[in-house]
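Let me begin by presenting the structure, written as structure tokens, before commenting on it.
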Amino acid sequence: MAEKILIKERLGDALGELSKFRLLAPTKSDEVVLFKQIDDPAEAYLDYLNSTVPPKRVVFPQTETLFKFRAGEPDLEEKDPSEGETVIWGLRPCDARAMAIVEKLFNWDYEDPYYLKRREETTLVGLACSSIPSVNCFCTSVGGHPFGTEGLDVLLTDLGDKYLVEVVSDKGAKVAEALSGLLADAAGADKEAAAKLSTEAEKGISRTIGTEGLQEKLLNLWENPLWKKVSAACLGCGVCTYLCPTCHCFDIQDEVEEDEGRRARMWDSCMFCEYTLHGSGHNPRPTRRERTRNRINHKYSYFPSKFGDIACVGCARCINLCPVNIDILDILQQVVEA
154 MAEKILIKER LGDALGELSK FRLLAPTKSD EVVLFKQIDD PAEAYLDYLN
204 STVPPKRVVF PQTETLFKFR AGEPDLEEKD PSEGETVIWG LRPCDARAMA
254 IVEKLFNWDY EDPYYLKRRE ETTLVGLACS SIPSVNCFCT SVGGHPFGTE
304 GLDVLLTDLG DKYLVEVVSD KGAKVAEALS GLLADAAGAD KEAAAKLSTE
354 AEKGISRTIG TEGLQEKLLN LWENPLWKKV SAACLGCGVC TYLCPTCHCF
404 DIQDEVEEDE GRRARMWDSC MFCEYTLHGS GHNPRPTRRE RTRNRINHKY
454 SYFPSKFGDI ACVGCARCIN LCPVNIDILD ILQQVVEA
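Numbering (the working numbering), first residue to last: 154 to 491.
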């Protein structure tokens, strides 16, 4: 489908047209930007570098009920994971790419019906990083791009008073059809302007890291003292994993009150000491040294070995939001130099 133009003055109308779907957009409250369902187009906040909380929570909720049960009754009340047709409007290309990467895991040896059902129902309308990305962004080092379309169904490029609309998939074409009365054909000058912004955004990424051979380097650094050094300041708070768009670990618990209960799963973090604690009391990752080593190895060695992709999209949330300023690029540089 040829590129289209959406005039910014008609953005509210466009979001209104999409109200037939479950519509989520970035919103801002007390300096925190996160994606939530909106009823009023005015709630959408698109003037941001990246959301504080990644939109992964839309397809992978922080806590979700799998099924309910009652004492003495053999039948389970299963939870339908469907949320209906959903449109996420305005997410960054790195977050869409993260969903494409994580989907490989949830579609691997066992097809996770909860994640995959919601992912199937969700259309991703991305917003290119047409302004200079955040100072710590490094998406180009891990296979991404400020204007990347991997995982996206539609890509929007901010051209000042209008958006260039690029349809990427069949799901994206369905959204474009819903907005057909508001879209006009893009002119050659619009496409040229978008291409120029793409080049400038890529050049604006000031931090990079070479990842070639990183997997092999990590395998040879198991007992290296750098792990104790880089983990010394870590608080074990788990912010780096909770706010990471590719972290996907979860725990499953049964919660019972009187004769009713539910089985629920919730996000977990490999940075928590309980994560690998055995029933015997033994913990193979007893200190933050081992847990930091596992986090880095999982993203840059284990996941690439199994699925062919680095489990990091360079969004820099773990750098920007770490309370003690631990910097994953600094760690990777030490790995390269070790």
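Positions of the beta carbon are idealized from the N, C-alpha and C atoms, including for glycine.
Helix, strand or coil: how does DSSP classify residue i here?
| i | result |
| --- | --- |
| leucine 229 | coil |
| phenylalanine 456 | helix |
| valine 328 | helix |
| glutamine 486 | helix |
| aspartate 404 | strand |
| alanine 178 | strand |
| alanine 167 | helix |
| aspartate 323 | helix |
| aspartate 248 | helix |
| valine 211 | helix |
| asparagine 447 | helix |
| glycine 341 | helix |
| arginine 223 | strand |
| glutamate 217 | strand |
| phenylalanine 259 | helix |
| glutamate 274 | helix |
| glutamate 303 | coil |
| glycine 334 | helix |
| leucine 474 | coil |
| threonine 293 | helix |
| leucine 269 | helix |
| leucine 367 | helix |
| isoleucine 241 | strand |
| threonine 310 | strand |
| leucine 187 | strand |
Assuming residue i and residue j form a contact by the criterion Cβ under 8 Å, report the distance between their Cβ atoms to the nearest whole angstrom.
| i | j | result |
| --- | --- | --- |
| glutamate 170 | leucine 332 | 6 Å |
| arginine 175 | glutamate 256 | About 19 Å; that fails the 8 Å criterion. |
| alanine 347 | leucine 312 | 7 Å |
| arginine 415 | lysine 221 | 5 Å |
| alanine 281 | leucine 308 | 6 Å |
| alanine 354 | proline 299 | 4 Å |
| aspartate 338 | alanine 155 | 6 Å |
| valine 318 | alanine 329 | 7 Å |
| valine 212 | threonine 275 | 6 Å |
Below 8 Å CB to CB, which residues in the same chain sit around residue i once its five sequence neighbours on both sides are set aside?
| i | result |
| --- | --- |
| cysteine 402 | Thr394, Trp420, Asp421, Ser422, Cys423 and Tyr428 |
| valine 383 | Thr445, Ile479, Asp483, Ile484 and Gln487 |
| glycine 467 | Cys247, Cys290, Phe291, Cys292, Thr293, Ser294, Val295 and Gly297 |
| proline 476 | Leu388, Cys390 and Val392 |
| leucine 430 | Asn436 |
| leucine 492 | The question about residue 492 has no answer, for the chain in this structure spans 154 to 491. |
| isoleucine 191 | Leu168, Leu176, Leu177, Ala178, Thr180 and Ala197 |
For residue i, I'd like the list of residues in its chain whose CB is within less than 7 Å of its CB, leaving aside the five on either flank, ordered along the chain.
| i | result |
| --- | --- |
| phenylalanine 137 | Residue 137 falls outside the range modelled here, since the chain spans only 154 to 491, and no answer is possible. |
| serine 454 | Gln368, Leu371 and Leu372 |
| valine 185 | Thr205 |
| tyrosine 263 | none |
| asparagine 377 | Ala491 |
| threonine 216 | Ala417 and Met419 |
| lysine 381 | Arg442 |
| isoleucine 481 | Cys471 and Ile472 |
Relative to the C-alpha of residue i, which residue among the options is closest?
| i | options | result |
| --- | --- | --- |
| leucine 350 | Gln190, Gly325, Val392 and Gly301 | Gly301 |
| alanine 167 | Glu355, Phe188 and Lys315 | Lys315 |
| asparagine 511 | Trp375, Val318 and Gly165 | In this structure the chain extends from 154 to 491, so residue 511 is not present and cannot be described. |
| aspartate 412 | Pro214, Arg223, Leu335 and Leu177 | Arg223 |
| leucine 305 | Lys452, Ser283, Arg272 and Thr205 | Arg272 |
| arginine 163 | Val409, Leu187, Pro194 and Thr364 | Pro194 |
| threonine 440 | Leu474, Asn450, Ala385 and Asp407 | Ala385 |
| threonine 352 | Pro286, Ser322, Asn377 and Asp407 | Pro286 |
| lysine 173 | Ala249, Thr239 and Ala417 | Thr239 |
| isoleucine 358 | Ser284, Val320 and Asp407 | Ser284 |
| alanine 493 | Lys344, Ile191, Ala337 and Ala251 | Given that the chain is displayed from residue 154 to residue 491, the structure contains no residue 493 and the question cannot be resolved. |
| proline 234 | Glu226, Thr218, Asp228 and Val278 | Thr218 |
| isoleucine 405 | Leu202, Pro214 and Asp183 | Pro214 |
| glycine 366 | Gly434, Ser458 and Pro299 | Ser458 |
| arginine 210 | Asp407, Gly432, Leu335 and Cys400 | Cys400 |
| valine 278 | Leu177, Thr364 and Lys181 | Leu177 |
| proline 179 | Tyr198, Cys426 and Ile362 | Tyr198 |
| threonine 147 | Leu336, Asp192, Lys344 and Asn473 | The structure shown does not extend to residue 147, since the chain spans only 154 to 491, so no value can be given for it. |
| isoleucine 160 | Ala340, Leu335, Glu408 and Ile481 | Leu335 |
| leucine 474 | Leu396, Lys356 and Pro227 | Leu396 |
So, at 6 Å on beta carbons, what are the nonlocal neighbours of residue i in its own chain, with the 5 sequence-adjacent residues on each side left out?
| i | result |
| --- | --- |
| phenylalanine 518 | Residue 518 cannot be examined here, being either before or after the span of the chain that is shown, 154 to 491. |
| glutamate 490 | none |
| asparagine 450 | Leu371 |
| proline 208 | Phe188, Ile241, Leu244 and Asp248 |
| aspartate 462 | Ile254 |
Within the 8 Å Cβ cut-off, does residue i reach chain B?
| i | result |
| --- | --- |
| lysine 344 | Of the chains in the structure shown, none is chain B; there is only one protein chain. |
Complete alpha helix (DSSP H) runs within the region 370-438 (minimum length 4 residues, chain order) | Listed in chain order, the complete alpha helix (DSSP H) runs (minimum 4 residues) inside the region 370-438 are 379-384 and 392-395.
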